[in-house]
Structure formats: structure tokens, C-alpha cells
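Asker: Per my numbering, numbering through the sequence shown is continuous, rising by one, with the last residue being 462. All C-beta atoms in this analysis are idealised placements derived from N, C-alpha and C, irrespective of residue type, glycine included. After the C-alpha cells below, expect a handful of questions from me.
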Amino acid sequence: MQNQTQNGRFSPHLPNQRLEKLTAWGRASSSVAYVYRPGNTEQLAELFELARQTRRTVGFRAGGNSYGDAPANSENIVVSLARMNRILDWNPENGRLRVEPGVTLQRVWEYTLGDGWWPAICTGTMKTTMGGCAAMNTHGKNAWKVGHFGDHVYEFDLMLPSGEIITCSRQQNSDLFHAAIGGFGMLGCFTSLTLQLKRVYSGLLHVEALTRPTLHDTFTYFDEHLHDSDYLVGWLDAFATGSQLGRSELHRGVLLAPGDDPAPEQTLRLESQRLPDAIMGIIPNSVIWRFQRPFWNNLGMRFVNLGKYRAAKLRDGSSYRQPHALFHFLLDHFDWDKPFGPGGLIQYQPFIPAANAEAAFSEILRLCQRRGLPNYLSVLKRHRPDDFLISYGMDGYSMAMDFRLTSGNREDVVKLTRELDEIV
């Protein structure tokens, strides 16, 4: 329900100085909302009461890393949880970490790695927050093996719209536990989360890099190596056609066992995990997008994808040891969103049962090419089912696809996604 004055202005019950334009990470959508930044649970409860009094809905935002409009709540209240960012408790004996919802993934691993613990689930950026990861039940490159983010939440405290705080776990208030994780914040707000981290014996992973010439060969490799991999991810050349449709570069990661690393005390240090801040020590990462921008069109990206595949062929079959942070957080190497220009990008990510995935993804890639709208980045992952109420988990595959939006193609991309929905 909207409260407006007779002249159509925003409700006087909320101060106009609270109005902010919020833009999604992908910069393809934005909205204007009343933004509040509580620092504790008392202030959060006051905002729920304010929403009741002014008949507004409440949405939550912290890191602002959603590709689309997940944190949008136009003309209503948006609660930024960025200030609720304390680490509340850490037990290095069992790997359980209790945090407030605004704590980022970066703070988690930087806090725990020295004790030999790493987040069980890593998104492509370390800027995501724990509250956001739980609300969206995010996944990583090991989803088929260890599940999604919610599978590693031991318990959480949830503030209901009434202001009441309820502790939930698989044993206590189990129904609410399974509904709030992956619930988009629709049931309340996480005020603390206890996470179960994963024991690691080195700051390095054993990584194998290889290519596959077709989508069928890519799926075959996944099927053959799910049992002996800890992480597995594939990049697909969305521009390749004909017999080379779905050609790929794959990265397989395996955790090091105790004793495999001769100097774990060194590799577990934060200094060993720092991402490079420049290419070849010359071009700062912060300006790389300016050099990429001229290539961020269909013709340019065709050559970029071709070059990436051919470069991958040169190191096909290579293996090496790589820091965890360098392996996981590819979106933090440079500003991936900026080369897409003012229109931004959207991500379309279908999830398909394993038996149908190859055929469906083949048709999706062909359709995008026929429409003249190939996506600029395709990433393949394997998944498994979970037991949460709102779940996208399944015994199958996902293919994340990043599409550039411009003033000229926006309507066509939207139409394309509707056609893709029919295939899915």
C-alpha cells in the first residue's frame, strides 16, 4: 500500500532525506527507496515498527552484489545491514564462526585461514555478505559435493517483523530454519549466523587446467571427475558454433591433504592469498576495464573468447598449486561489470536435470546465436538437491550466462530470456 499526499509526493511519514537511488551490481536496474542503516538489533526492531506505522514493506541489502533487482524495494524501506558487521565468536577447535549478517566473505576467510579453516562455500566475489549468502542460499564450484551455503549454516537468529528474535537450527524451529535460508529475507532478518567452516591443511589447492572441444566432451569430463574433485567448473565459449559448440576450458581443484604442503605455516598466511593488483605488475586492475571496453561488443567478444580458448589450449593438461583466494574470487581480479557500459548486464542461469542438461544447454547456446545475442561469459557447474523450502538445488547442472544490455538491445534480450524460459 502506498501512502502519498494529494500532489503525489512521497509519504510525509518518512523523511525525504532517506531517499536513495539503489543500483544493482549489474547496473541493469535501479530503484528509489527509503534507506536505513541500523547498527544493532534494537535499531532494526525500530525499523520494523516504523514500517508498520507507515504501511511500508521492508527489504534488506548489505553488500549490494546481486546481479539483478533482488535488493530493490521501490518507494518502500530498504534496510542496509552493512553496519551490522561484527564477528561475534570463533572456535578454531571445531571451525564454527558466529557473525552478524553484514560480515563479508573476505572478513570470514581472513579471520579464520590462519587457524586452518576456509569457508565451505565461496561465491565468485569475496564481497558478498553472510546474511545475503544465507538469504539467497548461494553456491560455489563445489555445489555437487557439499551443497549450497545453507548446508553449512549451523544455526541463526532471525528477527521477525514483530521484533521477536528466534533461534533456528535443524533441531530447533526447524521449519523456520529451512524456510528462511533461501527465503530472500521475506520472513525476517538474520541478526546472527553460526557457520560451519571447512578444515584445510594448506593455503594452496592442486589445480588442473584443460580444454574440451565440444559440449559433449565437457559433460563427459564432469561425469568422470565428480568423484575425485573438490571443485570443478567450466567456462564455455558461447560464440563457438557447429562441431565446436560448447567448447570449454575446465578447472579442477583438489584440496591438499595433511603433509602435502611442505610449508603450510607460510601458505596459510594472508600475505600468500593476496590477489595481484596489476597485470604483469604494470597495468593496475582498477583501470583494466578501460582497455577491455572497446572489445565489449559481439565482434570483440568473439575474438576475446577465441583467444581465451586458444590460450587455454596452450596449457591444456597443465597442473599447478594455486592460493585459495586466487582460485575462487575471479570477479575480484578486476571490475567485471564496468566494461559492459552504462546499460549494465544481466545474468540468466538455468538449472537443468543432469539427464537433460546437455541437450538443453546446446539449444540455449544455439538460440542465443540465432538471435544475435550471444552471452559474453558462460560458466558451467554441477549441483545436488537440498532440503530447503525455496530451493533451486537439483541433481543437475547450471549454466550462468552474462548478457550485455544496451539501449538498442534491451527489449530483444528480455524477449530472448522468455524464449529461454520455454526451453528450460
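(1) Does Y358 pass the burial test, meaning 16 or more other C-beta atoms within 10 Å, or should it be called exposed?
(2) Run the CB neighbour count on D440, radius 10 Å, all protein chains shown included, and call it buried at 16 or more, exposed below.
(3) Determine the closest residue to D354 out of R285, N180, S324 and N447, with distance taken between C-alpha atoms.
(4) For G188, count the other beta carbons within 10 Å of its own beta carbon; 16 or more makes it buried, fewer makes it exposed. Which is it?
(5) Let me know if N343 comes out buried or exposed under the rule of 16 or more other beta-carbons within 10 Å of its beta-carbon.
(6) So, Y239 versus L308, is the Cβ gap smaller than 7 Å?
(7) Distance, Cα to Cα, N394 vs K419?
(8) I need the straight-line Cα distance from L369 to N132, nearest angstrom please.
(9) Could you pull the DSSP bridge partners for H254 from this structure?
(10) Excluding the 5 residues flanking L253 on each side, which residues of the same chain have their C-beta closer than 8 Å to its C-beta?
(11) So does the region 164-171 actually touch the region 199-212, counting three or more Cβ pairs closer than 8 Å?
(12) Quick check on this structure: which residue in F222, L88, P76 and R121 has the alpha carbon closest to the alpha carbon of N114?
(13) Taking K59 as part of the beta strand (DSSP E), name the residues at either end of that continuous run.
(14) Could you tell me if T43 is buried or exposed, where buried requires 16 or more neighbouring beta carbons within 10 angstroms of its beta carbon?
(15) Within the chosen definition, does the region 150-158 reach the region 119-137 through at least 3 CB pairs nearer than 8 Å?
(16) Please state whether DSSP places Q42 in a helix, a strand or coil.
(17) Using a Cβ-Cβ cut-off of 6 Å (strictly less than) and excluding sequence neighbours within five positions of P412, which residues of its own chain qualify?
(18) So, at 6 Å on beta carbons, what are the nonlocal neighbours of V146 in its own chain, with the 5 sequence-adjacent residues on each side left out?
(19) Report all residues from its chain with a CB closer than 6 Å to the CB of E58; omit the five preceding and five following residues, and keep chain order.
(20) Quick one: Cα of V191 to Cα of F98, how far?
(21) Grab the span of the alpha helix (DSSP H) containing N129 for me, first residue to last.
(22) Within 10 angstroms of its Cβ, does M39 collect 16 or more other Cβ (buried), or is it exposed?
(23) Less than 7 Å between the beta carbons of P139 and M122, yes or no?
(24) Can you tell me where the beta strand (DSSP E) with I384 in it begins and where it stops?
(25) Does the beta-carbon of R47 have 16 or more other beta-carbons within 10 angstroms, so that it is buried, or is it exposed?
(26) For the candidate residues F389, D107, S324 and G77, whose alpha-carbon lies nearest to that of W374?
(27) With C-beta atoms as the reference, is A217 less than 7 Å away from L196?
(28) Could you please give the first and the last residue of the uninterrupted alpha helix (DSSP H) stretch that includes E303?
(29) Identify, in the order they occur along the chain, each residue of the same chain with its Cβ nearer than 6 Å to the Cβ of W128, setting aside the five sequence neighbours on each side.
Answerer: Looking at the atomic coordinates:
(1) exposed
(2) buried
(3) R285
(4) buried
(5) buried
(6) no
(7) 14 Å
(8) 30 Å
(9) DSSP lists no partner for H254.
(10) L274, L283, G284, R285, S286, E396, F399, S400 and L403
(11) no
(12) L88
(13) L57 to T61
(14) The predicted model places T43 with a pLDDT of 40, which falls under 50 and marks its position as unreliable; any figure quoted below should be read in that light. Counting Cβ neighbours within 10 Å, T43 comes out exposed, since fewer than 16 surround it.
(15) yes
(16) Because Q42 carries a pLDDT of 48, less than 50, the predicted location of this residue cannot be relied on, and the following value inherits that uncertainty. DSSP places Q42 in strand when its eight states are reduced to three.
(17) A276, F277 and C406
(18) P157
(19) V73
(20) 19 Å
(21) N129 -> not in any alpha helix (DSSP H); beta strand (DSSP E) instead, spanning I125 to N129.
(22) Residue placement at M39 is flagged as unreliable, the pLDDT there being 38, under the threshold of 50; the coordinate-derived value follows with that caveat. Answer is exposed; the Cβ neighbour count stays below 16.
(23) yes
(24) L383 to Y386
(25) Because R47 sits at a pLDDT of 47, beneath the cut-off of 50, its placement in the model cannot be relied upon, and the point is left open.
(26) S324
(27) no
(28) P302 to T305
(29) L135
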